[in-house]
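Right, one structure below, let's go through it.
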Amino acid sequence: MAHIISTINLKGGVGKTTITAALAEIIAGDYGKRVLIIDLDPQTNLTVYMIGVVRWRELNESGRTLATLFRDAVDPRPAGSLFDVRAALQRDVSPVRSVTQVDLLASSLDLIDLQDRLLSPSGGFFYNPVELLHRQLEKISADYDYILIDCPPNLSMLTLNGVRISDGYIIPTIPDFMSTYGIPQVRSRIQRFATNVGLDIPAFGLVVSKYRANASLHQQMADYLARSGRDAGLHVFESRIPESADIAAAAEFNDWGTLRQRYGNKGQYDALAALTAEFMNVVEGAR
Ligand SMILES: Nc1ncnc2c1ncn2[C@@H]1O[C@H](COP(=O)(O)OP(=O)(O)O)[C@@H](O)[C@H]1O
Ligand SMILES: [Mg+2]
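Residue 474 in my numbering sits at position 248 of the sequence shown, with consecutive numbering throughout.
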């Protein structure tokens, strides 16, 4: 059975997408696992990160993004559903040549409007809006070792669709006061949701991202998070992801030879690889 993990934070810009992409590519590239990434964020960053905007547009025009899945539910058609999960699946999407076995379910800007309508279906059609992704994933999840879900920076119905099928979630955060402010809310909201649907969906841990090791505020906050996490039963991953121009440049849609070239050869790739090892350890130990 695939390990399914969501990446969540109510804040944008904290490294959710970057870390999801790196985990997926390293798990596939260095460990030979089959990985599916699911982009639930209407901003489509992960999608464009992997396949570029031209190919995204083609997918969007031919109904092969997750917008079609959710549109089927709010605009039911007599002819039945339009979304075909196997047709939507994009295979071997990593632009890193040495990485195969990362597949993608693409997001769409059209989800911006759809996410508001998911709570108010137009007359007479009954569905449970939290189960929409679950019903599709059942058809394909056995094909993967890991499924990583990049969530939007909110707890909308889209995010809950991802949380619903997850074994647990990780919370990337920049180690400063503003970025860490909403973390207890994320945890308690997901805990309440999990209780409501009768599932156990733990936080697998906090990932310190955009870490500036020479900034004493970052150091102090990261150390504080590790200590207070221990008290609050929240694991904090030991590998901190440095703030780095190379990691930022990895987001450019480009042709990369190796993971080291994509993420940076001055400790950046190594930090991401160490995080990945820790992550797999926690996730596989949780089962
Ligand atoms: N470790 C890092 N060092 C430098 N820039 C980063 C790092 N991680 C992410 N970024 C950049 O910061 C911006 C936000 O990151 P992203 O992963 O998209 O965050 P989120 O998904 O939480 O909004 C992007 O431009 C990304 O390239
Ligand atoms: Mg993002």
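Glycine included, C-beta positions come from ideal geometry on N, C-alpha and C.
Keep in mind it's a predicted model, so treat the numbers as computed, not measured.
In the displayed model, residue 369 falls within a helix according to three-state DSSP. For residue 502 and residue 470, the gap between their C-alpha atoms comes out near 18 Å.
Separation of the CB atoms of residue 370 and residue 261 is rounded to 6 Å, and the pair is thereby assigned contact status at 8 Å. Contact fails between the segment 262-269 and the segment 421-428, because fewer than three Cβ pairs, one in each stretch, are under 8 Å apart. With respect to the 8 Å criterion, residue 460 and residue 429 are classified as neighbours on the basis of their beta carbons. The C-beta distance from residue 288 to residue 392 rounds to 28 Å, too long to meet the 8 Å contact threshold.
Ligand 1 has a heavy atom closer than 7 Å to the beta-carbon of residue 477.
Residue 473: member of the alpha helix (DSSP H) spanning 471-475, first to last residue.
For residue 286, the closest of 397, 299, 475 and 270 by C-alpha to C-alpha distance is 270. Contact check for residue 379 against residue 237 passes: the beta carbons are separated by less than 8 Å. Boundaries of the beta strand (DSSP E) harbouring residue 398: 394-399, taken from the DSSP string. If you keep only unbroken alpha helix (DSSP H) runs of at least 4 residues inside the segment 406-464, you get 409-423 and 442-458. Judged by DSSP in its simplified three-state form, residue 467 adopts coil rather than helix or strand.
Of all C-beta pairs linking the segment 323-336 to the segment 290-310, three or more are shorter than 8 Å, placing the two stretches in contact. Close to ligand 2, as judged by a C-beta nearer than 5 Å to any of its heavy atoms, are the residues 242, 243 and 271, in chain order.
Restricting attention to 284, 482, 508 and 331, the CA atom closest to the CA of residue 463 is found in 508. Annotation for residue 473 indicates a beta carbon within 7 Å of some heavy atom of ligand 1.
The secondary-structure analysis by DSSP pairs residue 232 across a beta bridge with 375 and 395.
Within 10 angstroms of the beta-carbon of residue 485 lie 16 or more other beta-carbons, which makes it buried.
For residue 256, no beta strand (DSSP E) segment is defined; the enclosing uninterrupted segment is the alpha helix (DSSP H) at 242-257.
In the three-state scheme derived from DSSP, where H, G and I count as helix and E and B as strand, residue 269 is classed as coil. Measuring C-alpha to C-alpha distances from residue 385 to each of 230, 234 and 228 identifies 234 as the nearest. In the DSSP annotation of this structure, residue 358 is not part of any beta strand (DSSP E); the continuous alpha helix (DSSP H) holding it starts and ends at 358-363. In chain order, 355 and 383 place their CB closer than 7 Å to the CB of residue 345, counting only its own chain and leaving out the 5 sequence neighbours on each side.
Taking the Cβ of residue 259 as the reference point, every heavy atom of ligand 1 lies at 7 Å or farther away.
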